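Heads up: the structure comes next, in structure tokens.
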Amino acid sequence: MSLLTPFKRASGLGSTSDGVKHWWMQRMTAVALIPLTLWIVFAVAAHAGESYATVAAWFAQPFTTTMLTLFVFTAFLHASQGLTVIIEDYIHHDGVKVAVLIGMKLVLVLLSTSSILSILRTAFAG
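The sequence shown begins at 162 in this note's numbering and counts up by one.
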């Protein structure tokens, strides 16, 4: 039995400020996704049934390209933060946890990069 207080046992086990930063970043990306998602839903619905040329011209507008890129970047950042929390909470073996975190980050970087490049290619194809 230890005579140390809980505070003394926890001292030196790491910074407590990192979790707060992660929590705030996840909330900020969630708040940013609200107007971005609403914009993308209404913008895509407004162009439903349009010809390819009309949609391609819409993609080529700087505002549209910027908004789509912001949406993809923010959505993948938010997904990364949320999945990181889930993996850290539910996978207890350190080696498996690190491997899953690295794999998840690589997949998300690959998907987000290909999504953004697709948006830019479509916008500048004309």
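C-beta: ideal position from N, C-alpha, C; glycine also. All values reported here derive from a predicted model rather than from experimental measurement.
Taking only the alpha-carbon atoms, compute the straight-line gap between residue i and residue j and give it to the nearest angstrom.
i: valine 270; j: threonine 225; result: 22 Å
i: threonine 235; j: leucine 165; result: 44 Å
i: valine 259; j: leucine 244; result: 13 Å
i: leucine 278; j: alanine 193; result: 21 Å
i: isoleucine 248; j: serine 276; result: 24 Å
i: alanine 204; j: phenylalanine 237; result: 20 Å
i: aspartate 250; j: valine 216; result: 43 Å
i: alanine 207; j: valine 181; result: 39 Å
i: isoleucine 252; j: alanine 214; result: 48 Å
i: aspartate 255; j: leucine 272; result: 26 Å
i: isoleucine 195; j: threonine 283; result: 25 Å
i: methionine 228; j: aspartate 179; result: 30 Å
i: alanine 286; j: valine 202; result: 24 Å
Counting along the chain, where does the alpha helix (DSSP H) carrying residue i start and finish?
i: glutamine 242; result: 223-251
i: phenylalanine 285; result: Note, phenylalanine 285: premise wrong, no alpha helix (DSSP H); not H, not E.
i: alanine 214; result: 213-220
Check whether the Cβ atoms of residue i and residue j lie closer than 9 Å to each other.
i: histidine 239; j: threonine 190; result: yes
i: valine 233; j: isoleucine 263; result: no
i: leucine 267; j: leucine 231; result: no
i: glutamate 211; j: tryptophan 200; result: no
i: glutamine 222; j: histidine 183; result: no
i: glutamine 187; j: valine 246; result: yes
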